[in-house]
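>
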Amino acid sequence: MAISTRPPRSVLDIKTHSGRVRGDHETHRDYFQVGALELERSRRAQERDAANNRITILNARIAEIDREKDALLASAAAACATLTDNGKADSLKKKEPSGLRIKY
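Per this note's numbering, residue -13 is the first one in the sequence shown, and the count goes up by one each step.
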């Protein structure tokens, strides 16, 4: 067996046409770019639709919260009015002094 004196090949020894060809007449690159843009556009449209759907859900929940809050405040106001009316009626009846009153 003879010892090889040729240096081992590497990636640098691969002959390619990159760098020799101008990009002026390569329309397939333009079509690829158009396809990539169409894919990105469809992804963005899906994101927009999902965001709009989420906003609709959030707005509906906010409206529901406002309705529940108004109902609770109305019932609390009615209960407060009932208590104050009962308190006024009781205070009108009680004119008698009760207990020992001391003035200082």
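We put the beta carbon where it would ideally sit given N, CA and C, even for glycine. Computed from a predicted model, the values in this text were never measured in an experiment.
Let me know the secondary structure DSSP gives residue 13 once reduced to three states.
Secondary structure of residue 13 (DSSP, three-state): helix.
> Once DSSP output is grouped into helix, strand and coil, what is the label at residue 28?
helix
> I need the straight-line Cα distance from residue -2 to residue 21, nearest angstrom please.
32 angstroms
> In its own chain, which residues sit with a C-beta less than 6 angstroms from the C-beta of residue 41, not counting the 5 before and 5 after it?
none
> Does DSSP put residue 21 in a helix, in a strand, or in coil?
helix
> Output the distance between the C-alpha atoms of residue 29 and residue -5, rounded to the nearest integer angstrom.
44 angstroms
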